[in-house]
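First the structure, in the form of structure tokens, and then the observations on it.
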Amino acid sequence: MNGQQHCEYSAADFEATVIETTDTRLIHVTGYGLCSSQGWTVELVAANPGVVPHPESLWLELRETPPRADRPPILTETHVEAMIEDAHAQQVVIRFRWREGFVLPLRERIAATRR
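Residue 143 in this note's numbering is what sits at position 11 of the sequence shown, and the numbering runs on without skipping anything.
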């Protein structure tokens with residue numbers, strides 16, 4: 133495995149946007165981390181299944197998979213994206229297993245106006 137155990141993440145590199153449709157309310161989360169080499173896989177997965185004690189918060193856990201083989205060291209932006217249906221959340225909490233997480237405020241998507 134390469135020298136870095138985890139990619140580096142900052143709340144400033146993530147965004148959570150609300151998308152309202154006639155049928156549902158979606159939350160689109162995008163972001164990236166800086167990884168020590170190419171080949172890392174990152175994903176956001178639900179971190180609060182079952183009874184949710186804080187319905188105003190959507191909890192996601194960021195999971196990483198390092199490359200299988202040693203790669204030359206070169207800082208690489210590794211992007212992650214998730215689309216979640218949620219009717220109540222006012223913020224997104226990003227959790228990590230190895231460090232403290234962060235909170236993202238939700239931004240409303242601004243619809244394009246027709247002329």
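Backbone N, C-alpha and C fix where the C-beta goes; we use that ideal spot for every residue, glycine too.
About 5 Å separates the beta carbon of A219 from that of R157, a gap short enough to meet the 8 Å contact definition. Between the alpha carbons of P185 and Q223 lies a distance of about 14 Å. Using a 10 angstroms sphere on the CB of W172, the tally of other CB atoms reaches 16 or more, which defines it as buried.
DSSP lists G163 as the beta-bridge partner residues of F146.
E152 and W230 have their C-alpha atoms roughly 34 Å apart. The residue among V174, T210 and Y164 with its C-alpha nearest the C-alpha of A148 is Y164. In this model, F228 and E240 are separated by some 25 Å (Cα to Cα). Rounded to the nearest angstrom, the Cβ distance from L176 to E209 is 16 Å, too far for a contact under 8 Å.
When the beta-carbon positions are compared, A143 and I226 come within less than 9 Å of each other. By the CB criterion at 9 Å, E188 and A221 fall inside the cutoff. Between V174 and V212, the C-beta gap is smaller than 9 Å, which places the two residues in contact.
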